[in-house]
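Here's the structure we're looking at; comments come further down.
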Amino acid sequence: MANAIRALAMDSVQKANSGHPGMPMGMADVATVLFSRFINIDPSAPNWPDRDRFVLSAGHGSMLQYALHFLLGYDDMPIEELQRFRQLGSRTAGHPEYGHALGIETTTGPLGQGIATAVGMALAERMLAARHGADLVDHFTYVIAGDGCLQEGISHE
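The numbering of the sequence shown is numbering that gives the first Met the number 0, which starts it at 0 and goes up by one.
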């Protein structure tokens, strides 16, 4: 899966003549382990309430998430969407945008924004589990953040 992510990222960024291939290529192994062994999602039911959440705080590496969604079989992420990466009207914008494609939990633009959002999501999970029971609410939030995310003020607020 990791090599497929790398190839899709290289091809899509090259075709668009725009984008950031480094993060998707460098994090392909991490994402493969995360999505094959830890994250509990169902691409055929992307709004399942007890799904795990994934936030790509380093949103400029959006091809990582789009490649994963294609490989995992999300209905709205055929290869044609990857080929339209960073094109006006495509689901595959330069940064993940909530509501543009299934499985994107939040919009991430400014570095660090995703960390703050993920902390809020994780806190909400624990509050729901305390109220309704951990047997009913047992999902987790995972975040990939880069060094730039950690250097921005929003990640400290």
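Virtual Cβ for every residue (Gly too), placed ideally from N, Cα, C.
| query | result |
| --- | --- |
| In terms of residue numbering, what span does the alpha helix (DSSP H) encompassing I114 cover? | 112–131 |
| Nearest to Q150 by alpha carbon, out of S56, A66, M24? | S56 |
| Which value, in whole angstroms, describes the spacing of the CA atoms of I114 and F69? | 24 Å |
| Grouping DSSP H, G and I as helix and E and B as strand, with all else coil, what is T140? | strand |
| Between S11 and the rest of its own chain, which residues show a CB-CB distance below 6 Å, the 5 nearest in sequence each way excluded? | M62, L81, F84 |
| Under the DSSP definition of a beta bridge, which residues are partnered with A100? | Y97 |
| What's the gap between the Cα of L122 and the Cα of T116? | 10 Å |
| Report the option in H131, G93, E156, A15 whose CA atom is closest to the CA atom of G174. | As shown, the chain starts at 0 and ends at 156. That puts residue 174 outside it, with no answer to give. |
| To test your reading of the DSSP string, which unbroken beta strand (DSSP E) runs of 3 or more residues are found completely within the region 51–93? | 52–55 |
| Hey, how far is the Cα of H155 from the Cα of Y141? | 18 Å |
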